[in-house]
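Working notes, beginning with the structure itself.
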Amino acid sequence: MAGIYIHIPFCRKACNYCDFHFSTSLRYRDDYVEALLREIDIRLPQWSAQSFNTLYFGGGTPSQLLPKHLSDIFEQLQHYVDLRKMEEITFEVNPDDITPEYLDFLGILGVNRLSIGIQSFRDEDLQQMNRAHNAREAEAALHTAFAAGFNRLSADLIYGIPGLSDEAWLNNLNRAADAGINHLSCYALTVEQGTPLAKQIRERRSEEPSEEHAAQQFALLQNWAAEKGFDHYEISNLARYGARALHNSSYWKGSAYLGLGASAHGFSAMERYSNVANNQRYMRALKAGQPEQIAEKLSAENRYNEFILTGLRTSDGLSLEALQQLGEPFAKMWLNSWERSPHRGIIERKGNSFVLKTKHWFQADGIAADFFII
Ligand code: SF4
Numbered sequence: 343m344a345g346i347y348i349h350i351p352f353c354r355k356a357c358n359y360c361d362f363h364f365s366t367s368l369r370y371r372d373d374y375v376e377a378l379l380r381e382i383d384i385r386l387p388q389w390s391a392q393s394f395n396t397l398y399f400g401g402g403t404p405s406q407l408l409p410k411h412l413s414d415i416f417e418q419l420q421h422y423v424d425l426r427k428m429e430e431i432t433f434e435v436n437p438d439d440i441t442p443e444y445l446d447f448l449g450i451l452g453v454n455r456l457s458i459g460i461q462s463f464r465d466e467d468l469q470q471m472n473r474a475h476n477a478r479e480a481e482a483a484l485h486t487a488f489a490a491g492f493n494r495l496s497a498d499l500i501y502g503i504p505g506l507s508d509e510a511w512l513n514n515l516n517r518a519a520d521a522g523i524n525h526l527s528c529y530a531l532t533v534e535q536g537t538p539l540a541k542q543i544r545e546r547r548s549e550e551p552s553e554e555h556a557a558q559q560f561a562l563l564q565n566w567a568a569e570k571g572f573d574h575y576e577i578s579n580l581a582r583y584g585a586r587a588l589h590n591s592s593y594w595k596g597s598a599y600l601g602l603g604a605s606a607h608g609f610s611a612m613e614r615y616s617n618v619a620n621n622q623r624y625m626r627a628l629k630a631g632q633p634e635q636i637a638e639k640l641s642a643e644n645r646y647n648e649f650i651l652t653g654l655r656t657s658d659g660l661s662l663e664a665l666q667q668l669g670e671p672f673a674k675m676w677l678n679s680w681e682r683s684p685h686r687g688i689i690e691r692k693g694n695s696f697v698l699k700t701k702h703w704f705q706a707d708g709i710a711a712d713f714f715i716i
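Numbering (this note's numbering), first residue to last: 343 to 716.
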């Protein structure tokens, strides 16, 4: 089964830490949706042999689209895919966009899961990060979503924010859990090159987030998850029983996914493509009849590295079967390197899976890199 990802590159405000592709101007929103409809017409027939079970609207901020845009997109998709058979249709929303009417409309379209960009329930954090919403709206968003009948709800939260005490971090987690959320995506605040936050830190107008602070709050998150009965199934993702995100899990399992929209990526067999991360160029190319993309053929070595990187970030672990599908020599190579590695003691073998002990999850990417084929 494969997934479909649709990128909506519009945001009300630019969060200072964000390096995703987005624009704060809505001037070309109609034209962008037109281009997206064309891309659906071009790409979906090429994937006609594929069955899809998840659809994910990410961004940017998908809730910056109007109902008429969404109707057009769903109608176009329905020409190629039976959306009623989708197991999971996720839509990212920001608290400042949520209204009962908008959510009702999403429900009518078949959206059955919301991912809400809460980030923090504290005004000082939200202002520091230049988020468009405030703490009151964050809280209200959860209630509005439940009242609209959505019970598959995920909240994004950020830790390691300068000034966010451990107590305040736990309080953020508790507020989400107490509201009845069954999925959380928690990220450390990081400083990406070229973001307003990087500039503010250079100019000493913002405090630099510290790695130790983030590591400490990640450890708190792990303890909290165990106490509250959340399954911490991937470094950044936690779910109540049965509420794991299907779409994201398929990325980690190496399933195929079709990416639509500016900057979206797609992956199938051993090929990956990425659409141009520029709205004007994206729209121009589709007007001329073809998406502007960079395609790359992935080598088995690339896939091996990716399996290790994603596998060691999950509680299911790295699957030996996945490596065997890549080729028996890769499975053997892993077994040899694991047996000889200084990390052997912290990567447990459980049947055909290799699971990094949770105590070391915060360093998972560095540990995985030690096994890479370079
Ligand atoms: S709303 Fe999301 S995509 Fe938009 S700027 Fe903020 S973090 Fe980035």
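Note that beta-carbon positions come from the ideal geometry of N, C-alpha and C, so glycine has one too. Because the structure is a prediction, the values reported are computed rather than measured.
Aspartate 465 and asparagine 513 have their C-alpha atoms spaced approximately 14 Å apart. Burial state of asparagine 579 is buried, judged by a 10 Å Cβ sphere holding 16 or more other Cβ atoms.
The beta-carbon separation of arginine 455 and glutamate 434, rounded to 10 Å, does not stay under the 8 Å limit for a contact. The Cβ atoms of histidine 475 and leucine 468 sit closer than 9 Å to each other. Arginine 385 counts as buried, since no fewer than 16 other beta carbons sit within 10 angstroms of its beta carbon. In the three-state reduction of the DSSP assignment, glycine 653 falls in the helix class, which pools H, G and I.
With the rule of 3 Cβ pairs closer than 8 Å, the region 678-698 does not count as touching the region 597-604. Residue burial is scored here from C-beta neighbours: glycine 400 has at least 16 other C-beta atoms within 10 angstroms and is therefore classed as buried. Distance from the CA of phenylalanine 572 to the CA of cysteine 357, rounded to the nearest whole angstrom, comes to 28 Å. In terms of Cα proximity to leucine 660, the closest of Ser390, Lys699 and Glu638 is Lys699.
In the DSSP annotation of this structure, the continuous segment of the alpha helix (DSSP H) that includes threonine 486 starts and ends at 477-489. Counting C-beta pairs closer than 8 Å gives fewer than three between the region 529-542 and the region 489-496, which falls short of the contact rule. Distance from the CA of histidine 411 to the CA of leucine 397, rounded to the nearest whole angstrom, comes to 16 Å. Annotation: the continuous beta strand (DSSP E) that includes phenylalanine 394 extends over 394-401. Here the alpha carbons of arginine 626 and glutamate 376 stand approximately 11 Å from one another. Within the same chain, and ignoring the five residues on either side of alanine 673 in sequence, the residues whose Cβ sits closer than 7 Å to its Cβ are Leu662, Leu665 and Gln666. Apart from the 5 residues on each side of it in sequence, valine 618 sits with its Cβ closer than 6 Å to the Cβ of Tyr624 and Glu634 in its chain, given in chain order. Of the heavy atoms belonging to the ligand SF4, none sits nearer than 8 Å to the Cβ of tyrosine 374.
At the C-beta level, leucine 640 and isoleucine 709 stay beyond 9 Å of one another. Here phenylalanine 704 has Ala557 and Phe560 as same chain residues with Cβ atoms under 6 Å from its own Cβ, once five neighbours each way along the sequence are excluded.
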